[in-house]
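What follows is a single structure, written as structure tokens, with notes after it.
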Amino acid sequence: MRVIFYIIISIIGISLSIIILMPSLFDINNYKDRIESLVFTKTNNILKIDGDISISISSGLKLSVQDVSFTSPDGENLFKSEELLIAPLFFPLLKGELLFNSIKIVNPTIYITKRNNKKNNWETAFNINKEDKIKKDFNKDLENKKSQKKLNPLNINSLNVVDAIILSNIENKKSKFDNINFRLNYKNNNQYLIHGDIFYKKEKIKFSYDLKYLEKNININGYIKGKDLEVNNNTTVDMNTFNGQSTIYVKINKLDSFFENNYLRDQSLKLDAILKFTNKSIKIDNARVTNKKNLINLEGDLTKKGKKNIINFNVTTEILDADDLLLFNTKTKKLNEVQDENNKNKNLSKNKQNHLLDVIFKKLNLYEINVNFFAKEIIYKKNKIKKVKAKVSKKNNLDITVSLNSKFFKKLTIMSKIDKEKFSTFVMYVDNLDIQTVNDYMGYNKLSGLFNLSIEGNTNIKNKSKMLNQLNGKLKLKTKNMQINDLNLKELKSNITSIENINNLLELNKKFFKGNTAVKNQEIFIEIKNGNLKLPKTDIILDDDIITVIGFYELVSRNINASLKYNNEKNKLLSLFNVSLKGNIKEIETSLDYDKEKVDQLIGDMVEKKMKKIIKDKLDSKFNNIIENLLD
Numbered sequence: 003m004r005v006i007f008y009i010i011i012s013i014i015g016i017s018l019s020i021i022i023l024m025p026s027l028f029d030i031n032n033y034k035d036r037i038e039s040l041v042f043t044k045t046n047n048i049l050k051i052d053g054d055i056s057i058s059i060s061s062g063l064k065l066s067v068q069d070v071s072f073t074s075p076d077g078e079n080l081f082k083s084e085e086l087l088i089a090p091l092f093f094p095l096l097k098g099e100l101l102f103n104s105i106k107i108v109n110p111t112i113y114i115t116k117r118n119n120k121k122n123n124w125e126t127a128f129n130i131n132k133e134d135k136i137k138k139d140f141n142k143d144l145e146n147k148k149s150q151k152k153l154n155p156l157n158i159n160s161l162n163v164v165d166a167i168i169l170s171n172i173e174n175k176k177s178k179f180d181n182i183n184f185r186l187n188y189k190n191n192n193q194y195l196i197h198g199d200i201f202y203k204k205e206k207i208k209f210s211y212d213l214k215y216l217e218k219n220i221n222i223n224g225y226i227k228g229k230d231l232e233v234n235n236n237t238t239v240d241m242n243t244f245n246g247q248s249t250i251y252v253k254i255n256k257l258d259s260f261f262e263n264n265y266l267r268d269q270s271l272k273l274d275a276i277l278k279f280t281n282k283s284i285k286i287d288n289a290r291v292t293n294k295k296n297l298i299n300l301e302g303d304l305t306k307k308g309k310k311n312i313i314n315f316n317v318t319t320e321i322l323d324a325d326d327l328l329l330f331n332t333k334t335k336k337l338n339e340v341q342d343e344n345n346k347n348k349n350l351s352k353n354k355q356n357h358l359l360d361v362i363f364k365k366l367n368l369y370e371i372n373v374n375f376f377a378k379e380i381i382y383k384k385n386k387i388k389k390v391k392a393k394v395s396k397k398n399n400l401d402i403t404v405s406l407n408s409k410f411f412k413k414l415t416i417m418s419k420i421d422k423e424k425f426s427t428f429v430m431y432v433d434n435l436d437i438q439t440v441n442d443y444m445g446y447n448k449l450s451g452l453f454n455l456s457i458e459g460n461t462n463i464k465n466k467s468k469m470l471n472q473l474n475g476k477l478k479l480k481t482k483n484m485q486i487n488d489l490n491l492k493e494l495k496s497n498i499t500s501i502e503n504i505n506n507l508l509e510l511n512k513k514f515f516k517g518n519t520a521v522k523n524q525e526i527f528i529e530i531k532n533g534n535l536k537l538p539k540t541d542i543i544l545d546d547d548i549i550t551v552i553g554f555y556e557l558v559s560r561n562i563n564a565s566l567k568y569n570n571e572k573n574k575l576l577s578l579f580n581v582s583l584k585g586n587i588k589e590i591e592t593s594l595d596y597d598k599e600k601v602d603q604l605i606g607d608m609v610e611k612k613m614k615k616i617i618k619d620k621l622d623s624k625f626n627n628i629i630e631n632l633l634d
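Counting along the sequence shown from 1, when you hit position 312 you're at 314 in our numbering, and nothing is skipped either side.
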């Protein structure tokens, strides 16, 4: 809206300069340089007239100025126009009063440019000093005209812009809006009507605003309406301070139509809020965003302190159904459309880096941000996440704290610090993770029970692949009533200790897969290195037996390789058997391995020892019988 204000002021200023320097009706072209000089004096911007200036009086006094361009002192284009038509009211002109019946701009091109975090070209062209001058001139005009019955502060009855084009380049994102038409009409005392239309993605969007001068205030009230968009706002601005208040209502019928990639399902979004603003701050009160059954409440402020912009926001909601709000569009697309989109996405990925952290640290480098979020319940993929608290703050680094609970765990807490290089250090705690619930959701089945988990680590979060592959840290598990399914170590131990011959080995694999193994409540420490969870040689207690475990788990491939071995010095045979767990976590292959040579030798020794004992017992028995017979 401020850009429109600057455009109107510029056009009126140019028109005033042309009329002021019109010494006669015949030699106006000789005064182009003086007109351009006067415009520069009034606006500090550069007007260039490359065409002729002609005058017509057949149906009232009219001036036509051809090929007009308007630029800032640093060379930034503001607008160009094929023709500027000026129609001053003749009789007021004779009295020395400048009042325009109409000003018409034909086929103008309006430029809006913003680089990095600087002001746009219009704000730069009309800097603070010029804004102060505009306010003083406005207030002076009001004082001079308070006694008049009718007041026309802009001295214009009609301003008409026909077939305009807007070329915007906002931080290297270029857009083009064409077929723009708008008109400013003087209605009555201190009141104007601004209305027109603009085309966006081949859709015609209309706008209409009432502009009222109320002593030293301006009130702007109106709407923007299109097929899928509606904006209503009522704004009052104090021209002395540029402080004001605005009530805003926005309705979007098809949210996905406003995104190039069409990844959102057709849905509506509504926003209403009260904004209070000064030249250094914006405060948002009672803001509400609604989407289907979602209701999000917002309040906060943006304050400028020196070169820094400080943003504070609180966002709360009772229930947030992310399935309704964020689901991807499932519409079937034609093959050529998919190919076109893929090619476009490839080109975009080559030419641009739109990583969220780049946006936060580079484009928002002059911002300090503090956002608090709370939701009693979030629904995501039909799962309910409750008591969600999040705090995001950005100063030199990005600090994130999140806590929540769900059916998968009693509570999850994450605290992370992320720097500009996308390196993250973090701490994560999980209380009472329910393994069976995770199994049902993920399709795993090897474990059940509960455990607490804590991780202190670091990683690169440039993308998912790097985040997993460069994950390092330490993990601590505290087991609670856990068990290993489809692995019966108690039965295995019983069968091994009762082996009588080599043939008994063949029966072991048939029995130890049936049943489960209890994991005693204990703490287990795991090292995380480059995306691999490494369990060093560790003694854990399974079914009251000490088992030596060693292994690793690859996060990217989800493959596991682990071995379990009895640590029993009293039974050498048990320690020769090894249980191996290998493969993808969804389809783990369990096998029983042993050192055949050593086991065969040990069993042979056991059999030999047993046979010797039997023979000895039999010999002892016979010897006793002989002695007894002799004594008889």
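Glycine included, C-beta positions come from ideal geometry on N, C-alpha and C.
By how many angstroms is the C-alpha of residue j removed from the C-alpha of residue i?
| i | j | result |
| --- | --- | --- |
| Lys-531 | Leu-557 | 11 Å |
| Leu-271 | Arg-36 | 53 Å |
| Asp-323 | Gly-77 | 50 Å |
| Lys-295 | Thr-318 | 14 Å |
| Phe-244 | Thr-461 | 47 Å |
| Gly-517 | Lys-448 | 12 Å |
| Asp-240 | Gln-193 | 16 Å |
| Arg-185 | Ile-196 | 6 Å |
| Glu-520 | Phe-410 | Per the sequence presented here, residue 520 reads as Ala, with Glu not at that position. If you take the alpha carbons of Ala-520 and Phe-410, they lie about 21 Å apart. |
| Leu-350 | Lys-175 | A caution first: Leu-350 carries a pLDDT of 47, below 50, which makes its placement in the model too unreliable to give a value. |
| Asn-338 | Lys-204 | Summary for Asn-338: the model assigns pLDDT 43, below 50, so the residue's position carries little reliability, and this model does not support an answer. |
| Phe-128 | Asn-372 | 32 Å |
| Ile-284 | Asn-399 | 24 Å |
| Gln-524 | Lys-396 | 39 Å |
| Ile-55 | Ser-74 | 23 Å |
| Leu-2 | Asn-573 | The structure shown has nothing for residue 2, since the chain only spans 3 to 634. |
| Val-164 | Gly-228 | 20 Å |
| Met-613 | Asn-497 | Any reading at Met-613 must be qualified, since the residue scores a pLDDT of 44, below 50, and its modelled position is unreliable; the value itself is stated next. Computed Cα separation, rounded: 20 Å. |
| Asn-187 | Tyr-382 | 51 Å |
| Tyr-251 | Gly-198 | 20 Å |
| Arg-117 | Lys-468 | 31 Å |
| Ile-528 | Glu-320 | 38 Å |
Which of the three DSSP states is assigned to residue i in this structure?
| i | result |
| --- | --- |
| Glu-125 | helix |
| Val-558 | coil |
| Thr-243 | coil |
| Phe-209 | strand |
| Ser-496 | helix |
| Asp-76 | coil |
| Glu-320 | strand |
| Ile-362 | helix |
| Leu-576 | helix |
| Asn-157 | coil |
| Phe-179 | strand |
| Arg-117 | coil |
| Leu-368 | coil |
| Thr-439 | helix |
| Lys-513 | helix |
| Asp-303 | strand |
Could you name the residues that DSSP lists as bridge partners for residue i?
| i | result |
| --- | --- |
| Met-417 | Thr-403 and Val-429 |
| Ser-467 | Looking at the DSSP assignment, Ser-467 forms no beta bridge with any residue, so it has no partner. |
| Gly-475 | Gly-459 and Ile-530 |
| Leu-49 | Phe-72 |
| Met-484 | Val-521 |
| Pro-90 | Phe-102 |
| Val-41 | For Val-41, which the question treats as bridged, DSSP gives no partner whatsoever. |
| Phe-201 | Lys-206 |
Take residue i as the anchor and find which of the options has the nearest alpha-carbon.
| i | options | result |
| --- | --- | --- |
| Met-484 | Ser-177, Ile-107 and Asn-454 | Asn-454 |
| Ile-298 | Asn-314, Glu-379 and Glu-370 | Glu-379 |
| Phe-81 | Ser-170, Ser-104 and Ile-587 | Ser-170 |
| Val-70 | Asn-79, Gly-53, Lys-412 and Thr-238 | Gly-53 |
| Ile-220 | Asn-235, Gly-246, Ile-207 and Phe-72 | Gly-246 |
| Asn-570 | Leu-594, Ile-562, Asn-563 and Asp-541 | Asp-541 |
| Gln-68 | Lys-34, Leu-216, Asn-563 and Lys-468 | Lys-34 |
| Lys-393 | Leu-594, Val-361, Ala-377 and Tyr-443 | Ala-377 |
| Asn-561 | Lys-567, Lys-588 and Lys-364 | Lys-588 |
| Thr-415 | Ser-160, Ile-254, Ser-565 and Leu-435 | Leu-435 |
Sorry if obvious, but does the Cβ on residue i come closer than 7 Å to a heavy atom of the ligand HEM?
| i | result |
| --- | --- |
| Glu-320 | This structure does not include the ligand HEM; it has no bound ligands of any sort. |
contact_flag[the region 432-439, the region 564-582] where n(CB pairs < 8 Å) is 3 or more:
The region 432-439 vs the region 564-582: no contact.
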